[in-house]
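Reading through the structure tokens given below for one structure.
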Amino acid sequence: MTDFAVWVLSPLQCSGYAMAWLFCGIGIVLVAVGVSFEVTAHVVTLAGEGLVLAICQVTPVKFGTMKVLFDVTLVVIACILSFVLLHGLYGVREGTVAAALFVGTLSRQINKPLAKVGKRLFS
Numbered sequence: 657m658t659d660f661a662v663w664v665l666s667p668l669q670c671s672g673y674a675m676a677w678l679f680c681g682i683g684i685v686l687v688a689v690g691v692s693f694e695v696t697a698h699v700v701t702l703a704g705e706g707l708v709l710a711i712c713q714v715t716p717v718k719f720g721t722m723k724v725l726f727d728v729t730l731v732v733i734a735c736i737l738s739f740v741l742l743h744g745l746y747g748v749r750e751g752t753v754a755a756a757l758f759v760g761t762l763s764r765q766i767n768k769p770l771a772k773v774g775k776r777l778f779s
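The opening residue of the sequence shown carries number 657 in our numbering; numbering runs sequentially from there.
Rendered as structure tokens:
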């Protein structure tokens with residue numbers, strides 16, 4: 657999905673704040689689709705999703721909900737460390753917060769139909 661996103665977005669130029677939000681939204685959707693494919697296919701996951709899946713195996717919390725909680729926790733930690741170590745907020749902006757809130761939320765919605773397709777294909 658990363659290579660696909662680079663291929664799709666590389667010819668486009670970001671010309672302002674609204675365009676930056678459009679790119680951010682496209683990125684959030686592509687990441688959510690990639691995470692959904694990765695989780696639904698039960699393949700080796702990246703570290704972040706792997707930890708979320710491990711937590712979901714020992715708690716009754718569903719993946720999408722835990723993904724949002726995990727991502728928001730990481731953003732809060734990044735903000736705290738930025739203020740403590742750099743004496744200001746660096747590296748975390750509105751797009752980071754939007755991604756933390758919406759990747760898991762979208763992934764949850766995408767996983768519903770993917771799970772049905774996966775059951776039909778692999779059962």
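Backbone N, C-alpha and C fix where the C-beta goes; we use that ideal spot for every residue, glycine too.
ask   = What does a CB cutoff of less than 8 angstroms around CYS712 pick up in its chain, not counting 5 residues either side in sequence?
value = LYS718, PHE719, MET722
- Where LEU737 and VAL685 are concerned, what is the direct C-alpha to C-alpha distance, given to the nearest angstrom? 28 angstroms
Reference ALA688, options LEU770, VAL773, LEU762, LYS768, closest by Cα = LEU762
### Query
So CYS680 packs on GLY751, CB below 8 angstroms; how close in whole Å?
4 angstroms
*Whole-angstrom C-beta distance between ALA756 and VAL740, which should lie under 8 angstroms*: No, VAL740 and ALA756 are not in contact; Cβ-Cβ is about 20 angstroms, not under 8 angstroms.
Using C-beta distances below 6 angstroms, list every residue in its chain close to TYR746, excluding the 5 sequence neighbours before and after it, in chain order. SER738
How should ILE766 be labelled, buried or exposed, when 16 other C-beta atoms within 10 angstroms of its C-beta is the threshold for buried? buried
Fill in: Which of helix, strand or coil DSSP assigns to GLN669
coil
ask   = With distances taken from CA atoms, which of VAL724, VAL753, PRO716 is nearest ALA734?
value = VAL753
Rounded straight-line distance, which links the Cα of LEU665 to that of THR701: 24 angstroms
Next on the checklist: Only counting the same chain, and skipping five residues up and downstream in sequence, which positions put a Cβ closer than 8 angstroms to that of LEU707?
Outcome noted: PHE726
Nearest residue (CA-CA) to ARG764, options MET675, GLY704, GLY683, PHE693 | PHE693
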